[in-house]
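To start, the structure under review is shown below, and the notes come after it.
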Amino acid sequence: MSSKNTVDREVQLVDKLEKIRRFFSEMDMGEQPTAAFKTLAEQVKGMFDADASAVYLYDQECNELFLIEAENIRKDLVGVKYKADQGLLGEVVKRKIALKVDDYSKWAGRSKVFEKENYKALLEAPIIWKDRLRGIIGLVRMGQSPPFSEIDSKLLSIVAIHTATLMSDGAGETT
């Protein structure tokens, strides 16, 4: 790889980190956490050049994920609870680390719920506060889009950590 490409990648990384810093310096869960989750879904979609994004809240007692907000995801999927033992979401719940799949359409662990979706690459990161899973932030690329990188995975994990910190103030509490 040429030094110009390396410099370009580093400049892009610094730019993404600055966008994340700026976003969270202005973000406030406040009294309307749903609006904050909507803003989060919008912003991460753009930050990562994703085709779609989703924010799930986790209910530990029921082992369910509630899709609270999404960008460019079918509206009938938003506001629905999903068992947290299927697909990539289930793997993130179980392992509590960011995970990615380069070609979800060919992945053996694909969830039946999302079988009909045109998802290509997926990246999902857990929102964890004090060793407790609070939710998941997910990104989707469709069609011929490139897969997510390891750097994208690390950056989305940073976004998830900041999200958990904001949620810890009491807004967006889940059981």
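Per my numbering, the sequence shown starts with residue 99, numbered consecutively.
Glycine included, C-beta positions come from ideal geometry on N, C-alpha and C.
In this text, all values refer to a predicted model and were calculated from it rather than measured experimentally.
Span of the beta strand (DSSP E) around residue i
{"i": "L155", "result": "A150 to D157"}
{"i": "I226", "result": "Y217 to W227"}
{"i": "E162", "result": "E162 to E169"}
{"i": "K214", "result": "Note, K214: premise wrong, no beta strand (DSSP E); not H, not E."}
{"i": "L175", "result": "No beta strand (DSSP E) contains L175, which DSSP labels as neither H nor E."}
{"i": "G233", "result": "R230 to M240"}
Distance, residue j Cα to residue i Cα
{"i": "L115", "j": "L253", "result": "8 angstroms"}
{"i": "E271", "j": "M265", "result": "For E271, the pLDDT reaches just 47, beneath the cut-off of 50, and the residue's location in the model is therefore unreliable, leaving the point undetermined."}
{"i": "D106", "j": "D113", "result": "10 angstroms"}
{"i": "M145", "j": "I118", "result": "8 angstroms"}
{"i": "F122", "j": "S251", "result": "18 angstroms"}
{"i": "Q158", "j": "L111", "result": "34 angstroms"}
{"i": "A133", "j": "E140", "result": "11 angstroms"}
{"i": "G177", "j": "V109", "result": "38 angstroms"}
{"i": "A148", "j": "I171", "result": "12 angstroms"}
{"i": "E255", "j": "V199", "result": "Looking at the sequence provided, one finds Ser at residue 255 rather than Glu. Looking at the two C-alpha atoms, the distance is approximately 15 angstroms."}
{"i": "K214", "j": "S203", "result": "9 angstroms"}
{"i": "T273", "j": "Y180", "result": "Note that T273 has pLDDT 43, beneath the 50 cutoff, so the model's placement of it is unreliable and no number is given."}
{"i": "K102", "j": "K210", "result": "44 angstroms"}
{"i": "A206", "j": "P245", "result": "17 angstroms"}
Nearest-angstrom Cβ-Cβ length linking residue i and residue j, presumed shorter than 8 angstroms
{"i": "K136", "j": "E167", "result": "5 angstroms"}
{"i": "A150", "j": "V238", "result": "4 angstroms"}
{"i": "A152", "j": "A196", "result": "A152 to A196, Cβ: 14 angstroms. No contact."}
{"i": "A262", "j": "W227", "result": "4 angstroms"}
Distance CB(residue i)-CB(residue j) smaller than 8 angstroms
{"i": "A219", "j": "S247", "result": "no"}
{"i": "I225", "j": "I235", "result": "yes"}
{"i": "L163", "j": "L175", "result": "no"}
{"i": "L187", "j": "Y217", "result": "no"}
{"i": "G185", "j": "F212", "result": "yes"}
The ligand PLP heavy atom lying under 7 angstroms from the CB of residue i
{"i": "K198", "result": "Questions concerning the ligand PLP fall outside what the structure shown contains, since it holds no ligand whatsoever."}
Start-to-end residues for the alpha helix (DSSP H) that takes in residue i
{"i": "I195", "result": "Run containing I195: none; DSSP gives neither H nor E here."}
{"i": "L264", "result": "E248 to M265"}
*Validate contact between the stretch 181–191 and the stretch 231–238 using beta carbons, cut 8 angstroms, 3 pairs*: Yes, they touch.
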